[in-house]
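Asks:
Next up, the structure:
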């Protein structure tokens, strides 16, 4: 809905929330660039560590940073403002408003995933209720790629590029010293990032040979049979497993393993930052196939979300433009919304940046289209048509002999 | 020692052994290029999976591969011939000789680390004993950088570049969501790769804040105190830990953890391909600092040795030239040796490729110069002078605020 007051003057606040990505600073700089030069904008406050910085009045002023420094910040991975996993409740939001009102903040931009878009929604609704004229925009960001009404989200393609590079190398490593190799990839409810491992396939028997995503129930007996079949046939087996895999009852395998499960403010169980799932699956396979079988597990962990020097240029570009679009819409009189990246065509690849309602994205989870999931243990080749343009060119593998 | 027969005609065998690297194919292609066009060389046999391929008569002919395909192979990570961890004993070597003699193989090149150079030495000595005119050369390769009489070894710089990139990203990740983060890095006896994490430091309080290498005894109580001090001061702590850390008695911490320790043919304990060490150190810190402290551990595992697209150009170049040098020496009449990379000057950076005796490198382990190890928990800034030229330029980090 368009605001009654298109020339709303005041200050702006920008926050970066949730898990950082390799391109989240592109979106930050995009918003700053989009606001710069507008007669409506006085100061641009960067909230240090997101909402927690707002209620502590901890801000970094962004309006006077020279263009070349902004550009270096944009290219630096992770959240330059600092992040937070706080989920504001009514009381928390009241504190935020005290700060907004005191500082005459009229433009609020929150860069983050679905938890963050929900925070943005809550802040926005409180503003409406208090008849405080605020323009609230959510800028998408998540390596999980799990925002609804988006073709994909900034941060995902760079993480996917990391996963593809890692699997290209690890598939060749596994060829040279054959055995069973399990790689655990981030993704609580959505298997997009785990599915990205399929980009590593260039030759007939390239791994990953098996891919397990949270969208399909994980059956440990089926897993053992799947691996035994591939290993028996190829003499090696490379496996991509999402950290969020769960059993038929929907209980994450990780929860079954952990005696004392750590949870964050959103009630999410800690899945990353531990090798427990990979080690458990290794043990299961050793019991099944014998301890003389070479079985290894790696957990990609935090490396995959902020790795320097492995950024998708498409991702960097789109993250920047998503930030700019939010600023432009806010300045043009739109009151609130979330920026959604939607694909217009695939050949040539082209996207548009659309405003959608905050309620259309907040706290909802997009998952992999079932058409991409094959037999619950693999990803269809057509997923490459979706993902390829986002990740860009990958190193070419030349083999001396396939096996 | 120079051979009596400078124009020795016959076939060549090349093998790639041990853990693969991102540039081991550069050395393979370097040897092939160095041999190509010589009237002494008839066929060039690539041993499929190293010595195990020789005794199985499993070879890939390399003499007719076009230059452009060779170049693509050189740029492909991991061992294109396949690798092996077999350690030939007298009986095994006898089988190798039967194959060498039958095939009129007069040139033997073995690309690998210190276990592999020892294999090369054994094969060479058996040839001398049997008065079989064989030219045997070891071409260095190891991400561990632990060969004596070498300034550094091919494969190390690319792995170090990966570690530096990972730490640049992870340090920024840890800034944005502060807590304690442990990263486990490969290195059984030598801490070079773990020490490479120091390249990620660009600003005063950048991590890694603590670096533990196998060259210094690891004391768990000192570790807890070290982390508590940094965490108390900075509100975060990024830690690099070598997988090979051991206690004052010399027992690896990993050995103490594992109930059933897996060993390879060289008697080495399995350190990689499990998150056990990182998870153990996390638990120790949680007990010490309280479970509400955010503590995470990642184990870089196999990602660091063959990651595609993160190759040091210096490393790639040197690996190629080391292979060529071995071929040139063999063709010029030298009977045996290992190629050692030695630094001539640091500014401008310049190296030479010298022939050293196989016995001067075989089965010996180079470790970090004690001058680089500070208080048993850090690496001196001067290590950057040694490592910087090998890794090359790294992404520049621009911060909005240091803390």
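Residue numbers (our numbering), protein chains in the order written: chain A, 1 to 403; chain B, 1 to 403. From the three backbone atoms N, C-alpha and C, an ideal C-beta is built for every residue, glycine too. Just so it is clear, the structure is predicted and the values come from calculations on it, not from any experiment.
Would you kindly work out how many angstroms separate the C-alpha atoms of residue 384 (chain B) and residue 146 (chain B), rounded to a whole number?
Replies: Against the second chain, residue 384 (chain B) aligns to sequence position 384. Against the second chain, residue 146 (chain B) aligns to sequence position 146. Whole-angstrom Cα-Cα distance: 18 Å.
Asks: Compare the C-beta of residue 492 (chain B) with all C-beta atoms of chain A and state if any pair is closer than 9 Å.
Replies: Not covered by the structure: residue 492 (chain B). The range shown for chain B is 1 to 403.
Asks: What in chain B is Cβ-close to residue 396 (chain A), meaning under 7 Å?
Replies: What you label residue 396 (chain A) is simply residue 396 of the first chain in a count that begins at 1. The answer, in chain order, is 72.
Asks: For the region 72-86 of chain A, list every residue whose C-beta sits within 8 Å of some C-beta in chain B, in sequence order.
Replies: Those residues of the region 72-86 of chain A that come within reach of chain B (Cβ to Cβ, closer than 8 Å) are 72, 73, 75, 76, 77, 78, 79, 80, 81, 82, 83, 84 and 85.
Asks: Can you pull the chain A residues whose beta carbon is under 8 Å from the beta carbon of residue 156 (chain B), in chain order?
Replies: As a position in the second chain, residue 156 (chain B) is number 156, starting the count at 1. Under the 8 Å cutoff, chain A gives no residues; its nearest Cβ is about 16 Å from residue 156 (chain B).
Asks: Report the start-end ranges of each alpha helix (DSSP H) in the region 224-249 of chain B that is 4 residues or longer and not cut off at the edges.
Replies: List check, alpha helix (DSSP H) in window: nothing returned.
Asks: So what does DSSP say about residue 354 (chain A), is it helix, strand or coil?
Replies: Taking the first chain and counting its residues from 1, one reaches residue 354 (chain A) at position 354. Here residue 354 (chain A) sits in strand by DSSP.
Asks: Find the nearest neighbour of residue 362 (chain B) within the set B:337, B:343 and B:280, judged by alpha-carbon distance.
Replies: Here residue 362 (chain B) refers to the residue found at position 362 when the second chain is read from its first residue. Ranking B:337, B:343 and B:280 by Cα distance to residue 362 (chain B) puts B:337 first.
Asks: For residue 192 (chain B) and residue 367 (chain B), what's the separation of their Cα atoms in angstroms?
Replies: Here residue 192 (chain B) corresponds to residue number 192 of the second chain, with the count starting at 1. Here residue 367 (chain B) corresponds to residue number 367 of the second chain, with the count starting at 1. Spanning the two alpha carbons is a distance of roughly 8 Å.
Asks: Taking just the CA atoms, how far does residue 240 (chain A) sit from residue 300 (chain B)?
Replies: Taking the second chain and counting its residues from 1, one reaches residue 300 (chain B) at position 300. Taking the first chain and counting its residues from 1, one reaches residue 240 (chain A) at position 240. When rounded, the distance between both Cα atoms is 16 Å.
Asks: Kindly indicate which residue of A:151, A:156, A:126 and A:118 has the alpha-carbon position closest to the one of residue 138 (chain A).
Replies: Here residue 138 (chain A) refers to the residue found at position 138 when the first chain is read from its first residue. If we check each option's Cα against that of residue 138 (chain A), A:118 comes out closest.
Asks: Taking Cβ to Cβ, would you say residue 298 (chain B) is nearer than 9 Å to residue 181 (chain B)?
Replies: On the second chain, residue 298 (chain B) is found 298 positions in, with the first residue counted as 1. On the second chain, residue 181 (chain B) is found 181 positions in, with the first residue counted as 1. Yes, the Cβ-Cβ distance between residue 298 (chain B) and residue 181 (chain B) is below 9 Å.
Asks: So which residues of chain B does residue 305 (chain A) contact, with C-beta pairs closer than 9 Å?
Replies: The count along the first chain starts at 1 and reaches residue 305 (chain A) at position 305. Within chain B, the residues near residue 305 (chain A) are 169 and 173.
Asks: Listing by chain order, which chain B residues have their CB less than 7 Å from the CB of residue 400 (chain A)?
Replies: As a position in the first chain, residue 400 (chain A) is number 400, starting the count at 1. The answer, in chain order, is 46, 60, 73, 80 and 81.
Asks: Name the chain A residues that come within less than 9 Å of residue 487 (chain B), Cβ to Cβ?
Replies: Residue 487 (chain B) lies beyond the range of chain B shown here (1 to 403); nothing can be said about it.
Asks: Here's the rule I'm using: 16 or more other beta-carbon atoms within 10 Å means buried, otherwise exposed. How should residue 53 (chain B) be labelled?
Replies: Translated into the one-based positions of the second chain, residue 53 (chain B) becomes position 53. By the 10 Å Cβ count, residue 53 (chain B) comes out buried.
Asks: Can you pull the chain A neighbours of residue 392 (chain B), defined as C-beta to C-beta under 8 Å?
Replies: Against the second chain, residue 392 (chain B) aligns to sequence position 392. By Cβ distance, chain A contributes nothing, its closest Cβ being about 11 Å from residue 392 (chain B), past 8 Å.
Asks: Buried or exposed for residue 169 (chain B), please, with buried defined as at least 16 other CB atoms from any protein chain shown within 10 angstroms of its CB.
Replies: Within the second chain, residue 169 (chain B) is the residue found at index 169, counting from 1. By the 10 Å Cβ count, residue 169 (chain B) comes out buried.
Asks: Taking 9 Å as the threshold (beta carbon to beta carbon), is residue 296 (chain B) in contact with chain A?
Replies: Stepping through the second chain from its first residue, residue 296 (chain B) is reached at position 296. Cβ-Cβ to chain A under 9 Å: yes for residue 296 (chain B).
Asks: Do residue 218 (chain A) and residue 247 (chain A) come within 9 Å of each other at the CB atom, strictly closer than that value?
Replies: Indexing the first chain from 1 puts residue 247 (chain A) at position 247. Indexing the first chain from 1 puts residue 218 (chain A) at position 218. Yes. Within cutoff.
Asks: What's the gap between the Cα of residue 328 (chain A) and the Cα of residue 376 (chain B)?
Replies: Mapped onto the first chain, residue 328 (chain A) falls at position 328. Mapped onto the second chain, residue 376 (chain B) falls at position 376. C-alpha separation (whole angstroms): 54 Å.
Asks: By alpha-carbon positions, which one of A:369, A:325 and A:334 ends up nearest to residue 351 (chain A)?
Replies: Numbered from 1 along the first chain, position 351 holds the residue referred to as residue 351 (chain A). It is A:325 whose Cα lies nearest to the Cα of residue 351 (chain A).
Asks: Helix, strand or coil: how does DSSP classify residue 104 (chain A) here?
Replies: What you label residue 104 (chain A) is simply residue 104 of the first chain in a count that begins at 1. In the structure shown, residue 104 (chain A) sits in coil (DSSP, three-state: anything other than H, G, I, E or B).
Asks: Let me see if you follow: with CB-CB separation under 9 Å, is residue 279 (chain A) close to chain B or not?
Replies: In the first chain, residue 279 (chain A) corresponds to position 279, counting from 1. So, interface residue.
Asks: Compare the beta carbon distance of residue 207 (chain A) and residue 295 (chain A) with 9 Å and say whether it is the shorter of the two.
Replies: The sequence position of residue 207 (chain A) within the first chain is 207, counting from 1. The sequence position of residue 295 (chain A) within the first chain is 295, counting from 1. Going by C-beta atoms, residue 207 (chain A) is not nearer than 9 Å to residue 295 (chain A).
Asks: DSSP three-state label for residue 91 (chain B), please.
Replies: The residue you call residue 91 (chain B) lines up with position 91 of the second chain. Three-state DSSP puts residue 91 (chain B) in a helix.
Asks: In the DSSP assignment, find the unbroken alpha helix (DSSP H) run with residue 256 (chain A) in it and report its ends.
Replies: Locating residue 256 (chain A) in the first chain gives position 256, where the first residue counts as 1. Element bounds for residue 256 (chain A): 253-257.
Asks: Provide the residue(s) that pair with residue 313 (chain A) in DSSP beta bridges, ordered along the chain.
Replies: Indexing the first chain from 1 puts residue 313 (chain A) at position 313. Answer is none; residue 313 (chain A) lacks a bridge partner.
Asks: To test your reading of the DSSP string, which unbroken alpha helix (DSSP H) runs of 4 or more residues are found completely within the region 12-93 of chain A?
Replies: Correct list: 24-35, 50-55 and 67-75.
Asks: Under the assumption that residue 167 (chain B) contacts residue 136 (chain B) (Cβ atoms under 8 Å), give the Cβ distance between them as a whole number of angstroms.
Replies: The count along the second chain starts at 1 and reaches residue 167 (chain B) at position 167. The count along the second chain starts at 1 and reaches residue 136 (chain B) at position 136. Contact flag wrong, Cβ pair sits at about 39 Å.
Asks: Would you mind working out which of A:64, A:11, A:114 and A:225 sits nearest residue 359 (chain A), comparing C-alpha positions?
Replies: Taking the first residue of the first chain as position 1, residue 359 (chain A) is located at position 359. The option with the nearest alpha carbon to residue 359 (chain A) is A:114.
Asks: Thinking C-alpha only, which one of B:318, B:256 and B:370 is nearest residue 390 (chain B)?
Replies: By one-based count along the second chain, residue 390 (chain B) stands at place 390. Ranking B:318, B:256 and B:370 by Cα distance to residue 390 (chain B) puts B:318 first.
Asks: Which one of A:321, A:334 and A:186 has the shortest CA to CA distance from residue 341 (chain A)?
Replies: Locating residue 341 (chain A) in the first chain gives position 341, counting from the first residue. Of the candidates A:321, A:334 and A:186, the one whose C-alpha sits nearest the C-alpha of residue 341 (chain A) is A:321.
Asks: Can you give me the Cβ contacts of residue 316 (chain A) inside the same chain, cut-off strictly under 7 Å, excluding the 5 residues immediately before and after it?
Replies: As a first step, residue 316 (chain A) is located in the first chain; it is residue number 316 there, counting from the start. These residues qualify, in order along the chain: 23 and 26.
Asks: Alpha carbon to alpha carbon, how far is residue 355 (chain B) from residue 437 (chain B)? Give it in angstroms, no decimals.
Replies: No statement about residue 437 (chain B) is possible, as the shown extent of chain B runs from 1 to 403 and does not include it.
Asks: Determine which residues of the region 228-255 of chain B have a Cβ less than 8 Å from any Cβ of chain E, and write them out in chain order.
Replies: Considering every chain present, this structure includes no chain E. Its protein chains are A and B.
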